[in-house]
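Anchor point for the sequence shown: position 205 equals 251 in this note's numbering, and the numbering is continuous, going up by one each time.
Ideal placement from N, C-alpha and C gives every residue a C-beta, glycine not left out.
Just so we're clear, the structure is a prediction, and the values are computed from it rather than from any experiment.
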Amino acid sequence: MGNYTVVNGQIYTPGLAIVDAPQPYTPLGGGKNRSIGPVKGHSSCCLADLQVAIDVSGNGQLPWPAPAPSADAPTRFHNITLYLTSRTQSRNLTISNGTIPPDNTKAYVGPVLDLEPSSTVKHVNWKWPKCLVGEGTDGESSARGAYNISMHQSFRWNDTDYYTVFELPIAATNHIAEDSERVDCDLLENALVDAMEIDQSSDVLPDQPWIHSGVQTGAAPSLLVMR
Numbered sequence: 047m048g049n050y051t052v053v054n055g056q057i058y059t060p061g062l063a064i065v066d067a068p069q070p071y072t073p074l075g076g077g078k079n080r081s082i083g084p085v086k087g088h089s090s091c092c093l094a095d096l097q098v099a100i101d102v103s104g105n106g107q108l109p110w111p112a113p114a115p116s117a118d119a120p121t122r123f124h125n126i127t128l129y130l131t132s133r134t135q136s137r138n139l140t141i142s143n144g145t146i147p148p149d150n151t152k153a154y155v156g157p158v159l160d161l162e163p164s165s166t167v168k169h170v171n172w173k174w175p176k177c178l179v180g181e182g183t184d185g186e187s188s189a190r191g192a193y194n195i196s197m198h199q200s201f202r203w204n205d206t207d208y209y210t211v212f213e214l215p216i217a218a219t220n221h222i223a224e225d226s227e228r229v230d231c232d233l234l235e236n237a238l239v240d241a242m243e244i245d246q247s248s249d250v251l252p253d254q255p256w257i258h259s260g261v262q263t264g265a266a267p268s269l270l271v272m273r
């Protein structure tokens with residue numbers, strides 16, 4: 047569940063997705079909403095959003111967006127869903143559950159694979175909910191602190207279907223300002239699944255698809271394997 051490999055700043059998950067940002071253990075937040083220009087791994091958006099940049103092309107090895115993978119393609123995505131989880135805070139908040147938010151609200155993000163259809167990098171911009179407003183950890187009663195961005199991937203690799211769960215550790219400790227558009231955390235809350243149950247439901251891949259399949263060229267990069 048927690049295994050991943052960092053190569054030149056990119057996070058290779060136990061699946062087809064590659065996370066460009068954020069980096070592991072990054073303190074996140076960002077102050078008041080304000081427009082910013084494009085930065086590495088992100089589109090133009092707001093500093094006060096949780097921003098996750100996901101490469102869905104295997105660094106160019108998986109055709110995207112055209113020709114679109116057929117239903118019987120040997121390697122293709124089925125779905126990506128994202129949650130913000132913390133066992134210490136007993137939180138499991140929806141970032142993107144594969145559905146369109148009701149009534150065009152922005153409580154959570156729509157289907158990840160449908161974002162920016164022509165781009166091989168999907169930029170998830172999720173507005174922090176009310177329970178994470180504050181500064182630092184804000185004491186024992188606060189929901190702020192250490193979290194995981196939990197990525198659930200359903201995909202096919204070399205004619206075999208897999209389901210994996212990957213958790214990227216971050217910290218909700220930077221300043222997050224009050225904002226009338228923030229939603230109550232209760233609207234995003236899901237049952238917190240036991241770590242052992244997640245491990246048992248997550249498939250084990252024989253290799254990381256892109257690192258061990260000849261994707262890397264030139265000088266071999268230094269690898270940092272996190273467990």
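### Query
Would a C-beta distance cut-off of 9 Å place Ala95 and Lys173 closer than the cut-off?
On the sequence shown, residue 95 is found 49 positions in, with the first residue counted as 1. On the sequence shown, residue 173 is found 127 positions in, with the first residue counted as 1. Sequence inspection shows Asp at residue 95; the Ala mentioned does not correspond to that position. Against a cut-off of 9 Å, the Cβ pair of Lys173 and Asp95 comes out as a contact.
### Message
Here's a check: name, in chain order, each residue in its chain whose Cβ is nearer than 7 Å to the Cβ of Pro73, leaving out the five neighbours to either side.
### Response
Along the sequence shown, one-based indexing puts residue 73 at 27. Here the set comprises Ala217, Thr219 and Asn220.
### Task
Please go through the same chain and pick out, in chain order, the residues whose beta-carbon is closer than 8 Å to the beta-carbon of Glu227, but skip the five residues on each side of it.
By 1-based counting over the sequence shown, the position of residue 227 is 181. Cβ within range, chain order: Lys152 and Lys173.
### Proximity winner among Phe201, Ile222 and Leu62, relative to Gly76 (alpha-carbon distances)
In the sequence shown, residue 76 corresponds to position 30, counting from 1. It is Ile222.
### Task
Enumerate, from N- to C-terminal direction, the unbroken beta strand (DSSP E) stretches of 3 or more residues contained entirely within the stretch 186 to 247.
191 to 203 and 206 to 218
### Task
Return the residue from the list Leu234, Gln199 and Gln56 that minimises the CA-CA distance to Ile274.
Nothing about residue 274 can be read from this structure; the chain reaches only from 47 to 273.
### Nearest-angstrom Cα separation, counted from Leu108 out to Leu159
Indexing the sequence shown from 1 puts residue 159 at position 113. Indexing the sequence shown from 1 puts residue 108 at position 62. Looking at the two C-alpha atoms, the distance is approximately 13 Å.
### Nearest-angstrom Cα separation, counted from Tyr129 out to Asp149
Along the sequence shown, one-based indexing puts residue 149 at 103. Along the sequence shown, one-based indexing puts residue 129 at 83. The straight-line gap from Cα to Cα measures roughly 21 Å.
### Query
Can the beta-carbon of Tyr71 be found closer than 9 Å to that of Pro60?
Residue mapping note: residue 71 aligns to position 25 of the sequence shown, counting from 1. Residue mapping note: residue 60 aligns to position 14 of the sequence shown, counting from 1. Contact flag unset, no.
### Task
Would you mind reading off the limits of the beta strand (DSSP E) that contains Thr72?
Taking the sequence shown and counting its residues from 1, one reaches residue 72 at position 26. Thr72 to Leu74 is the span of the beta strand (DSSP E), which, as asked, contains Thr72.
### Query
Quick one: what does DSSP say Leu62 is sitting in, helix, strand or coil?
Here residue 62 refers to the residue found at position 16 when the sequence shown is read from its first residue. The answer is coil: DSSP assigns Leu62 none of H, G, I, E or B.
### Task
Let me know the alpha helix (DSSP H) ranges lying completely inside the stretch 131 to 188, each 4 residues or longer, listed in chain order.
none
### Task
Report all residues from its chain with a CB closer than 8 Å to the CB of Asn236; omit the five preceding and five following residues, and keep chain order.
Taking the sequence shown and counting its residues from 1, the one referred to as residue 236 is at position 190. The answer, listed in chain order, is Tyr129, Asn138, Leu139 and Thr140.
### Message
Spatial neighbours of Ser188 within its chain, please: C-beta separation below 7 Å, excluding the five flanking residues on both sides.
### Response
Numbered from its first residue, the sequence shown carries residue 188 at position 142. So the list reads Gly180, once near-sequence residues are dropped.
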